[in-house]
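Q: Residue 0 in this note's numbering is what sits at position 2 of the sequence shown, and the numbering runs on without skipping anything. Glycine included, each C-beta is placed from N, C-alpha and C at the ideal position.
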Amino acid sequence: MSNLYIGLISGTSMDAVDAALVAFDPPRRAQALAVCSSALPESLITQLRAIGPQTPLACVARADAAVADAFAGATHELLATSGHRREQIRAIGSHGQTVWHAADACPALSVQIGDPNRLAERTGITVVADFRRRDLAAGGQGAPLASSLHAELFRRQGADTIVLNLGGIANITLLPGNTAADITGFDCGPANTLMDAWCRRHRKGNFDAGGAWAAAGILHHALLERLISDAFFQRPAPKSTGPEYFNLDWMASRAADILADVSPGNVQTTLAELTALTAARAIRESLAGPAEVLVCGGGAHNRYLLTRLEANLPEYHVCSTVELGVDPDFIEAIAFAWLARCRLYNMAGNVLTVTGARRSVVLGGIYAGNL
Ligand SMILES: Nc1ncnc2c1ncn2[C@@H]1O[C@H](COP(=O)(O)OP(=O)(O)O)[C@@H](O)[C@H]1O
Ligand SMILES: [Mg+2]
-1 MSNLYIGLIS GTSMDAVDAA LVAFDPPRRA QALAVCSSAL PESLITQLRA
49 IGPQTPLACV ARADAAVADA FAGATHELLA TSGHRREQIR AIGSHGQTVW
99 HAADACPALS VQIGDPNRLA ERTGITVVAD FRRRDLAAGG QGAPLASSLH
149 AELFRRQGAD TIVLNLGGIA NITLLPGNTA ADITGFDCGP ANTLMDAWCR
199 RHRKGNFDAG GAWAAAGILH HALLERLISD AFFQRPAPKS TGPEYFNLDW
249 MASRAADILA DVSPGNVQTT LAELTALTAA RAIRESLAGP AEVLVCGGGA
299 HNRYLLTRLE ANLPEYHVCS TVELGVDPDF IEAIAFAWLA RCRLYNMAGN
349 VLTVTGARRS VVLGGIYAGN L
C-alpha cells in the first residue's frame, strides 16, 4: 500500500494554497518529495476576507466550492511537478480554508471550507478533511494541530527545542529535551495578520517584504503597551485565536486615541514588535533557555522580525527550520498529510497537552476517491 500522501492548506493569511507530497517510509521521518504554492484567485480572496457571521449562506456555499476547486488545482500542479500519478497517492489531507474560528464560544466553533466531496471527485484521490471539529467536540481548542508533526520532525533528546510558526497567527510547540516530558503548545497571538492588514490599508502591498517597512520606523512604546495589555496574552494555555479577533478593528478599539498621532510606518514597526515580544514572552514563560527556537511559516522570511526575536530572546538560538533542511513554508502542509495518515490508521491526531481536549480522538472524515 502506498505511503505517499498529499497535504493541502491555505492559512489565515490567504497568501497561497500550500501543497506537499509526503513520503512516510519508516524509519525515516516525514519527507516532502515535492512542494508547490499556488495563489488563490484575487476575487476569491476578497470573498473569503468578507466572510463573517452575517454572510449569506449562499455566498459561503459558493466559496466552499471555489476553495475546493483551488485545492484541486493545487493538487494537479503538485502531481505535475513531482511526476507522480494520482493512483500512487494514498490520500489527501485537506485542511481547507478557515473562515471562522471561535473555540471559546459556546458551543465552540471552527469552520473550514473547501468541500472535500468536490476535491475527491476532481482529483480521484481519497480526501481526509474536517480535522478540527472532533477535537472541539472533545472539549479542545481544535488548534494548533501541527504539534505532533513538529515533534516527529524536530524533537531531540537532551536539547530543548521550540518550534515557532509565524503564519497569520503565531503558535509555538515546546519540545523538551527530556523525552519523558509532555510536548505542549498553543497560539501565542498575531504573527503576520495585523502587519499584512496594515500594509494593505496603506497600499504597501500584501505584506512587508523582509520587514523593510517595519525596519525603517520607530517603535511607539505607548501603542505597544496598550496592545500588549490585551488579556489574551496573559491567558494560560490551552488557547487559540484568529483574525476574527486580532484585526485592525481590534487595534482601533484598543488604541484609537494613540493611533491618531502615530505615523503608519511607526505603527508597522510597533506591530512587528508586538509579534516578536509576545512570542518571546510565551517561549520564555514556557521553556527556560538556553534552547533552540526553530522558526517556520512565512514570517521566517521576515528578516526584521527574526532580528527582533533574537533581541527579545538573547539566551536562545533563533533560526529558520531551513537550517535543519526543512522548508519553513510547507511544514503545515506536511502536517495535514501526516494527520491524513493518522486518520487512515485510526490513530489519535490531537495532543491533549496542546489543544486541551478531554481525550485523544481520531481527527477528520474520509471522502473516498475513485474506487
Ligand atoms: N519575504 C517575506 N517577507 C516578509 N513576510 C513574508 C515574506 N514571505 C511571506 N511573508 C509573510 O508570511 C505570510 C504567509 O505565511 P503563512 O505561513 O503562509 O501563513 P498562513 O498559514 O496564515 O497562510 C504572508 O502573508 C506574509 O505576511
Ligand atoms: Mg499561507
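What runs of the beta strand (DSSP E), each 3 residues or longer, lie entirely inside the segment 149 to 189?
A: 159 to 164, 167 to 173, 182 to 188
Q: Quick one: what's ASP16 bridged to in DSSP?
A: ILE7, SER35
Q: Classify PRO236 as buried or exposed, calling it buried when 16 or more other Cβ atoms lie within 10 Å of its own Cβ.
A: buried
Q: Here's the rule I'm using: 16 or more other beta-carbon atoms within 10 Å means buried, otherwise exposed. How should ALA80 be labelled?
A: Correcting the residue type first, residue 80 is Ser in the shown sequence and not Ala. Per the 10 Å Cβ criterion, buried.
Q: I need the DSSP call for VAL316, collapsed to helix, strand or coil.
A: strand
Q: Considering only the alpha carbon of each residue, which of HIS74, THR182, PRO241 lies closest to SER108?
A: With distances taken between Cα atoms, SER108 lies closest to PRO241.
Q: Over the uninterrupted beta strand (DSSP E) stretch that includes HIS93, give me the two end residues.
A: From DSSP, the beta strand (DSSP E) with HIS93 extends over 89 to 100.
Q: Compute the Euclidean distance between the alpha carbons of ARG224 and ASN204, then round it to the nearest angstrom.
A: 25 Å
Q: Does ligand 1 have a heavy atom nearer than 7 Å to the CB of ALA144?
A: Not so, every heavy atom of ligand 1 lies at least 7 Å from the Cβ.
Q: My output table needs one value for ALA64: the three-state DSSP class, helix, strand or coil.
A: helix
Q: Grab me the residues of GLU75's own chain with a C-beta within less than 6 Å of its C-beta, minus the 5 sequence neighbours each way, in chain order.
A: So the list reads CYS34, SER36, once near-sequence residues are dropped.
Q: According to DSSP, is ILE49 helix, strand or coil?
A: The three-state reading of DSSP puts ILE49 in coil, since its state is none of H, G, I, E or B.
Q: Run through the DSSP bridge pairs and tell me what SER108 is partnered with.
A: According to DSSP, which records beta bridges pairwise, SER108 is partnered with HIS99.
Q: Could you tell me if the beta carbon of ALA106 falls within a distance shorter than 7 Å of some heavy atom in ligand 2?
A: no
Q: Identify whether GLU290 lies in helix, strand or coil by the three-state DSSP scheme.
A: Strand at GLU290.
Q: In the DSSP assignment, the alpha helix (DSSP H) including TYR302 goes from what residue to what residue?
A: 301 to 310
Q: The beta strand (DSSP E) spanning VAL125 covers which residue range?
A: Residues 125 to 127.
Q: Quick one: any contact between the segment 215 to 232 and the segment 312 to 328, if contact means 3 or more CB pairs under 8 Å?
A: no
Q: Mind checking GLU290: buried by the 16 CB within 10 Å criterion, or exposed?
A: buried
Q: Run through DSSP, which three-state label would GLN29 get?
A: strand
Q: What do you reckon, are the CB atoms on ILE181 and VAL349 nearer than 8 Å?
A: yes
Q: Taking GLY263 as part of the alpha helix (DSSP H), name the residues at either end of that continuous run.
A: Residue range 262 to 284 is occupied by the alpha helix (DSSP H) that includes GLY263.
Q: Does the Cβ of ASP185 lie closer than 7 Å to at least one heavy atom of ligand 2?
A: no
Q: Between ALA32 and the rest of its own chain, which residues show a CB-CB distance below 7 Å, the 5 nearest in sequence each way excluded?
A: Here the set comprises LEU19, LEU76, THR79, SER80.
Q: Secondary structure at ALA21, three-state DSSP: helix, strand or coil?
A: strand
Q: If we require 4 or more residues per run, which alpha helix (DSSP H) segments fall completely within the segment 191 to 248?
A: Taking 4 residues as the shortest admissible run, the segment 191 to 248 contains the following complete alpha helix (DSSP H) segments, listed from N- to C-terminal end: 191 to 199, 210 to 214, 219 to 226, 229 to 232.
Q: Confirm, please, whether the CB-CB distance from MET12 to ARG47 is below 8 Å.
A: yes
Q: Kindly indicate which residue of ILE332, PRO51, MET(-1), PRO24 has the alpha-carbon position closest to the one of TYR243.
A: PRO51
Q: Please state whether the Cβ-Cβ distance between ALA270 and MET345 is less than 8 Å.
A: no
Q: Considering just the uninterrupted stretch of the beta strand (DSSP E) at GLY363, what are its terminal residues?
A: 363 to 365
Q: Using the Cα positions of PRO288 and THR96, report the straight-line distance between them to the nearest angstrom.
A: 35 Å
Q: Grab me the residues of THR53's own chain with a C-beta within less than 6 Å of its C-beta, minus the 5 sequence neighbours each way, in chain order.
A: none
Q: When we look at the beta-carbon of ALA214 and count the other beta-carbons within 10 Å, is it buried (16 or more) or exposed?
A: The residue is exposed, with fewer than 16 neighbouring Cβ atoms inside 10 Å.
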